[in-house]
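**Q**
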Amino acid sequence: MNGNADEHRAAQGITQQFPDVQAWYGQHTREWWAMVPLRDGPRLLSAPDIRQLREEIINARAWPWRHR
Numbered sequence: 115m116n117g118n119a120d121e122h123r124a125a126q127g128i129t130q131q132f133p134d135v136q137a138w139y140g141q142h143t144r145e146w147w148a149m150v151p152l153r154d155g156p157r158l159l160s161a162p163d164i165r166q167l168r169e170e171i172i173n174a175r176a177w178p179w180r181h182r
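Take 115 as the starting number for the sequence shown in my numbering and just add one per residue.
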């Protein structure tokens, strides 16, 4: 993505899909970031692109796996 407007729209898309998640693009790290509230406390995630960040958010919410 190029430009702050595109990054802002992408972060808003994450917030629309996951209302309790804060997402942003790190200009210096060139990574996507999200703060995800979980049962055990918030978790900071990062990913190289917005698609992978969505996957990381979904996976973080599924953790820890249920024991049978």
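Ideal Cβ placement from N, Cα and C applies to all residues, glycine included.
Report the CB separation of residue 157 from residue 174 in whole angstroms; it is logged as a contact under 8 Å.
**A** As a working mapping, residue 157 is identified with position 43 in the sequence shown. As a working mapping, residue 174 is identified with position 60 in the sequence shown. Yes, they are in contact, since the Cβ atoms of residue 157 and residue 174 sit about 6 Å apart, within 8 Å.
**Q** With distances taken from CA atoms, which of 124, 132, 123 is nearest residue 150?
**A** Residue mapping note: residue 150 aligns to position 36 of the sequence shown, counting from 1. Measuring from the Cα of residue 150, the nearest candidate turns out to be 132.
**Q** So the beta strand (DSSP E) residue 159 belongs to, where does it begin and stop?
**A** Indexing the sequence shown from 1 puts residue 159 at position 45. Per DSSP, residue 159 belongs to the beta strand (DSSP E) from 157–161.
**Q** Can you look up residue 182 in the DSSP assignment and give me helix, strand or coil?
**A** Counted from its first residue, the sequence shown places residue 182 at position 68. The predicted model places residue 182 with a pLDDT of 44, which falls under 50 and marks its position as unreliable, so this point remains unresolved.
**Q** Report the residue from 128, 135, 164 whose alpha carbon sits nearest the alpha carbon of residue 145.
**A** By one-based count along the sequence shown, residue 145 stands at place 31. The candidate whose alpha carbon is nearest that of residue 145 is 164.
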